[in-house]
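Heads up: the structure comes next, in structure tokens.
2 protein chains.
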Amino acid sequence: MGDELSVVGKSVPRIDAIDKVTGRAKYGIDLKMGGMLYAKMLRSPYPHARVVKIDTTRAESHPNVRAVVTINEVPKVIGTIGKLRTEEAKKGLYIQDNIVRFIEDPVAAVAAEDEESAIEALSLIDVEYEQLPALFDPLQAMEEKTVKIHEGGNIAFHLLKEIGDIEQGFKEADYIFEDRFVTSKQKQCAMEPFSTCVADYGLDGRLTVHSSSQRPHVIKIYLAGALGLPVDKVRIIKPYTGGAFGGRDYLIHGLEVMCSVLSRKAGRPVKMSFTREEDFEATEARHPFILELKFGVTKDGILTAMDIKAVKDVGGYGPHAPGPLSNSMRKGFALYKCPNARFDGYAVYTNKSLCGAFRGYGNPQINFAQESLMDAVAEKLGIDPVELRLKNYRGLGEKDPLTADEVRSDGMKECLGKGATKFGWKEREKRKTTVGTRRRGAGMSCLLHTCGGRFSIPDPAAATVMFNSDGSVSLVTGAADDGQGNRTVFAQIAAEELGIPFEQVSLSDTDTEVTPFDSGTHGSRQTYVGGRTVKKAAAKAKAVLLEYASQRINVPADRLKIKNGVIYDVKNPEKGIRVSDLLRKLQFEDLDCGEQIIGVATGVAPSSPPIFGTNFVEVEVDIETGEVHIVKLVCAFDVGKAINPAHVEGQITGGELTGIGYALTEGLVTKEGRVLNNNFTDYRILRTCDVPEIDVIIVESNEPTGPFGAKGVGEATNAGTASAIANAIYDAVGVRVKELPITQEKILDGLDLMGRAETKRAP
Amino acid sequence: MGDELSVVGKSVPRIDAIDKVTGRAKYGIDLKMGGMLYAKMLRSPYPHARVVKIDTTRAESHPNVRAVVTINEVPKVIGTIGKLRTEEAKKGLYIQDNIVRFIEDPVAAVAAEDEESAIEALSLIDVEYEQLPALFDPLQAMEEKTVKIHEGGNIAFHLLKEIGDIEQGFKEADYIFEDRFVTSKQKQCAMEPFSTCVADYGLDGRLTVHSSSQRPHVIKIYLAGALGLPVDKVRIIKPYTGGAFGGRDYLIHGLEVMCSVLSRKAGRPVKMSFTREEDFEATEARHPFILELKFGVTKDGILTAMDIKAVKDVGGYGPHAPGPLSNSMRKGFALYKCPNARFDGYAVYTNKSLCGAFRGYGNPQINFAQESLMDAVAEKLGIDPVELRLKNYRGLGEKDPLTADEVRSDGMKECLGKGATKFGWKEREKRKTTVGTRRRGAGMSCLLHTCGGRFSIPDPAAATVMFNSDGSVSLVTGAADDGQGNRTVFAQIAAEELGIPFEQVSLSDTDTEVTPFDSGTHGSRQTYVGGRTVKKAAAKAKAVLLEYASQRINVPADRLKIKNGVIYDVKNPEKGIRVSDLLRKLQFEDLDCGEQIIGVATGVAPSSPPIFGTNFVEVEVDIETGEVHIVKLVCAFDVGKAINPAHVEGQITGGELTGIGYALTEGLVTKEGRVLNNNFTDYRILRTCDVPEIDVIIVESNEPTGPFGAKGVGEATNAGTASAIANAIYDAVGVRVKELPITQEKILDGLDLMGRAETKRAP
């Protein structure tokens, strides 16, 4: 009976696999309740307007309509969990006004006996708008003084931070590198649209909402505030969820609030589902950034100064105005141990659709800029790009410059080493071919992400482990699983910690009524923060169990271990007691005891450990068409410990695909505030045939604060793809495209410019 | 800010009142699920038979039938929680054979697309029976050696117990009193029949059962055993329940097991509901007893010896074979401090319908006999019946002769005093009137019941108190509320202990997946055992909260109290912090903390305290028709502390009505094993117009081990009614009817006998 792991580290199938593949799993759209009404939303046709008057009389007299709600009756709920920190900040969560700030901003909603009637009734609502001047360009909006999208002006958030001495840093530099980068408004494109809610406001004043939010426990508080209820009177139940990627963080704009008020008015359950078009136009997307970077570097390639200027377009509301801006600073500062750095960033309102959380949360933006510029540094100084990263990255024992959080696990060297080997980095020049119009090139980049929000936002987690009398375990957790599989990972962690078979752990539904507070699934936190909390709860339960076992079999508790459901003396493995026997005795045989073994853990993690990663990409670029073909992508991620390697690989592969889309094809296109590509014909995500060969390397550095050494991998996986691809394209054809996505046109433009430059030089 | 109670002791409305009165509350029969099938049961037409062959071919080929299950495939689950104490005992829970033991014993069940098809399909099942000799009389069954209803014979359980020295006791007596009493087979007659179940066996091997069981957590274990599943894979969800009274203890014979197997076979949810007739014929009723009592009494009326012989008819299975027999001994021994007592009791199988748990659980039977005989003692010795009880009852500081549990709270004197005064006991003779053929008389009796099963069966309880960040509380409990209102009482106890408003406590659904183990609602245990567990969980949460508060406001924790959601310094009440402010700081403001305050309590109660009660009844008996009219009923119960006086009054009134029915009208009538009165036309429960004036006196003795002094009242309330009524009838017309129910015929027979006796004497 050794100490090897029994289920952690194994690719066990997901606990919900059968439900999902057989179609028994119920997603939001599948929900039906007795007496349920169907709701639809009336949305603004204008990017910026005052709603002067709404006449719902005609809609209300539609024979199938049961309730109507308007913008005048409901608050918009805008903001992240940070707003719960003080009563004052919390007030700022709720905006109640009659202004619409982007095309498709909700104006009213109707609940009817069927969806067709609800749609009909929308056309019977008469709205009088006073159009207001609209702002679409963030740089213009920043300067604008007269037209104010929000009362406080158009700057949603300003972040200015300096570490070290930036001027001195540039003085110490031998070279200065500067450039400007622009990123796109990528949409999460989850398989299931972000937008079904069933609200049921009981006559007893209790509200039950079925919502696929990533943060059921947080939106419970938000909704309680919006509806003026005590928190215990709101219950959020999360159905199976078809992907989130940040898009289900908190509430969906207008959805749950309007649905709940409609239910309160109608006295019946109300269901509202957005179409895919509504999802594209009226739910959150990745913030587009404009980034100006300036690096000071010694001739040996050591960074001495980093100056970052950022403007982030948050759209009409900016629920995540500070977050991704701040995070791009944090990741920008943390990746390299540059002693002098400055970040000057603005989050700016425009009359465009919403931006919010999206996998990576500011990191893909800064990484694209930073790692493109690092590539230029390497080229200029003649240092191998891998070598340049190794010289500068912030590794083991170093501290984060902003949080002082120490790097306790560092797999960057291994990522770079294994990645380069697998990719054949040293031999890349040999593979450079010219086949017709196609030019081959290779690029790489590095990245650092972190797990959880320990130093930036409230990040509580909790879990309850309850032993059943046969030794099986019910694990009660409110940690949302959006499809990534953290429920399976939790069961693995609990089983491992408790020494019982994986099959003997069941997980509760994600239901805020009965699960302890978990702040939600975001920031790659569930495996790390959630997992360590589950482990802690299990350890507490185990400690009580072993104490009882110690009394029963007369062996000191610290000499007892559990394996395969048997508690045994490590010094005399023959001596032991089955967990099930002990529990039966405690709960049933001993009438004086009757104790159920329960372990509860709540709190935050001690750290927000870095996860390191690297991407190596080989591309072929067609210089006639600008078409980019990814020949090969090798990526390596230091995940601490892969609790479930198949899940980790799935996360990485999925993230890389999002990263490739970010690099080459994706981004909402707007004109005068209107989203032009609101469907999968016009918005191009990768199709199966677009997917290149992806080699995934899992590196395990054993994070000491993580459960069994694990860190969270989700968000890192798409943070460094675009930069590596951009660098590979540059390597192939000499064109450095600084604006995402890197379309064929931009490459051709670049080639064209080069041609002109060469033409200029030629004579 | 004094120490007076804020919500305990107040008749707050039930937390589920609005749901219930508006019809939104969903009972078992209301449940519907997508793809749900409807099941019906095929039942034995014979009281005792071997099922030789079942051919389900024709039923299975019915176009709407989706699954068929037979007696050959499923175990019968027979037994109480005591069977979970050892692995060996647990095996005895499951009987799998092809014998049917009473008319209507399940033989097969069918699940079809609709109920009509299921009923049709039943007639397509071909069953070949081999009839076996049937036994209907328990005394005959005891002696019978050849015909065995179960393998081990017809005696299900034998209990022989002696305390003191019974022979010596009789020697010390001046008088010996002896008599024989027979009780009836009363049916619980809950408003909602005992018999709807929806089972949903998922493809992932997890079984969810919606069942109104009084013991969701216990039947979870039972069902797991019956289906060969780990306990964590079975989930019981309890819908709103329309009364239980013991009839929903554990599983309903055949219901949940067959329904679950049908669902497993069909791969779809299956609903089965019994008709009222099936409820009468095939679910459990109160055990009929034959009791022979012999008392030794001094001339001063002091009991010196009690010899009790009991034969209990358990019907075909005897799931509660030991329980009510043992309990009648326990209550018989405990009520009076008679030093010498013997109980010799047999539980005997007959081929009749099931008997099981029913409010009082053996106490109404023994009380009817014991208190009838005590009445004879009082008459014979010329001692006032009240005085006789005061001389003999086991009061404060005395110990239970079997468990050594000390009487820590004793309201018997107050019950007798206040009851007698309110009733006008001393003036009763003055009210004796003779109006035409109607004769008036008064009678009284005493009773003792206990709360919970601390010394007889495993009796664990558990509760979890979780604070929300606004100071409201979610209380997670698996304690079944069958309609009596313990959920409201728990909310009161939690609110009182925590010092927060009652409205800010919400209760979880009764769902075994997420609630900690509670052994169920039985034995008047929820207010006492459940309530003290809730209080303990709340106290644990409060202790953590006050510790944090102490750190924040710099006042020692032991000087802090909470009132109206404010934590304050008792020495300086101006100094304090709002609970909601503190919690917000802990969970959200302080990024280093993030702790949710959670209190968990599990275990058993230290005692099973006695609840005392008395009934005073005045009747008019018509000597021509034998009709009994109850003029007035005054009852007094020592409930320790009435957490919710309106609930207590409701419990008492309801229990008294059951007691009156037990005394005068109720009881299943069988002929050759067939229930003749299987409906409310033939089985007479009290109608509104039959309900007499009932004066309820609540006595509060403050039980030190109870939550805020409370004890449980439910079961005591019908234990002493029949004896008091019998005594009043005797007082009115001189007829002592010793067999329940006391029908008009029996009174007329008695009068007739007296008449003949007088006639005999006359000449």
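Chains A and B, in that order, are what the protein sequence lines are.
For the first sequence, the positions run 1 to 763 when the working numbering is used.
For the second sequence, the positions run 764 to 1526 when the working numbering is used.
Positions of the beta carbon are idealized from the N, C-alpha and C atoms, including for glycine.
Item, Value
"Same chain, Cβ closer than 6 Å to B:PRO1085, five either side skipped, listed in chain order", "PHE920"
"Where A:TYR548 sits in the DSSP three-state scheme", "helix"
"Minimum C-alpha distance to A:ASN345 - residue among A:ARG330, A:PHE333, A:LEU335, A:LEU325", "For the record, residue 345 of chain A in the displayed sequence is Gly; it is not Asn. If we check each option's Cα against that of A:GLY345, A:LEU325 comes out closest."
"Cβ-based contacts, 7 Å cut-off: residues of the segment 516-535 of chain A near chain B", "PRO516, PHE517"
"Local conformation of A:GLN188 per DSSP, three classes", "coil"
"Pairwise C-alpha distance: A:PHE423 and A:GLU387", "15 Å"
"Span separating the alpha-carbon of A:SER211 from that of B:GLU850", "43 Å"
"Contact under 9 Å by Cβ, A:PHE517 with B:MET1229", "yes"
"Range covered by the alpha helix (DSSP H) that runs through A:ASP558", "Premise fails: A:ASP558 is in no alpha helix (DSSP H) and is neither H nor E."
"Test item: CB-CB of B:ARG1049 and B:THR946 under 9 Å", "yes"
"Contact check, A:ASN718 vs A:GLU656, beta carbons under 9 Å", "yes"
"B:GLY765 to B:ARG1322 span [Cα, whole Å]", "Reliability fails at B:GLY765, whose pLDDT of 46 lies under 50, so the model's placement of it is uncertain and no value is given."
"Partners in chain A for B:ILE792, counting only beta-carbon separations shorter than 7 Å", "What B:ILE792 touches in chain A: nothing, since even the nearest Cβ is about 13 Å away."
"Check whether A:ILE562 and A:ILE660 have beta carbons under 9 Å apart", "no"
"Minimum Cβ-Cβ distance from A:ASN468 to chain B less than 9 Å", "yes"
"Residue-chain proximity (B:GLN1359, chain A), Cβ-Cβ < 9 Å", "yes"
"Backbone secondary structure at B:GLN903 - three-state DSSP", "helix"
"Residue of B:GLU1259, B:ILE1361, B:TYR1493 minimising C-alpha distance to B:ASP1138", "B:TYR1493"
"Three-pair Cβ contact test at 8 Å for the segment 220-238 of chain A versus the segment 146-166 of chain A", "no"
"Local conformation of B:CYS1022 per DSSP, three classes", "helix"
"Residue-level contact to chain B via CB, A:MET1, 9 Å cutoff", "Here A:MET1 scores only 39 on pLDDT, less than 50, and its place in the model should not be relied on; the value that follows carries that caveat. No, its Cβ sits nowhere closer than 9 Å to a Cβ of chain B."
"Opening and closing residue of the alpha helix (DSSP H) in which B:LYS924 lies", "Counting along the chain, B:LYS924 falls outside any alpha helix (DSSP H), though it belongs to the beta strand (DSSP E) covering 918-926."
"C-beta atoms of B:ILE1000 and B:HIS980 nearer than 9 Å", "no"
"Short Cβ contact (9 Å threshold) for B:ASN1378 with B:SER1486", "yes"
"Endpoints, beta strand (DSSP E) assigned at B:CYS1398", "1391-1401"
"CB contact check: B:ARG1217 to chain A, cutoff 9 Å", "yes"
"Alpha carbon of B:VAL771 to alpha carbon of B:ASN1407, nearest angstrom", "7 Å"
"Simplified DSSP state of A:MET33, which is helix, strand or coil", "coil"
"Same chain, Cβ closer than 6 Å to B:LYS1062, neighbours up to 5 away in sequence not counted", "ASP937"
"Residue span of the alpha helix (DSSP H) that contains B:TYR1080, given as start and end", "Run containing B:TYR1080: none; DSSP gives neither H nor E here."
"Close Cβ partners of A:THR665 (< 6 Å) along its chain, the five nearest in sequence each way excluded", "ARG684, PRO741"
"Three-state class that DSSP yields for A:GLY2 in the structure shown", "With a pLDDT of 46 at A:GLY2, under the threshold of 50, the modelled position of this residue cannot be trusted, and the question is left open."
"Nearest residue (CA-CA) to B:VAL890, options B:MET905, B:ARG1250, B:SER1343, B:THR833", "B:THR833"
"At least 3 beta-carbon pairs within less than 8 Å: the segment 345-362 of chain A vs the segment 308-321 of chain A", "yes"
"Proximity test, A:LEU159 beta-carbon vs the ligand GTP heavy atom, cut-off 8 Å", "Looking at this structure, you won't find the ligand GTP or any other ligand, since it has none at all."
"Residue nearest to A:ILE725 in terms of C-alpha spacing, selected from A:GLY441, A:PHE245, A:SER353, A:ALA244", "A:GLY441"
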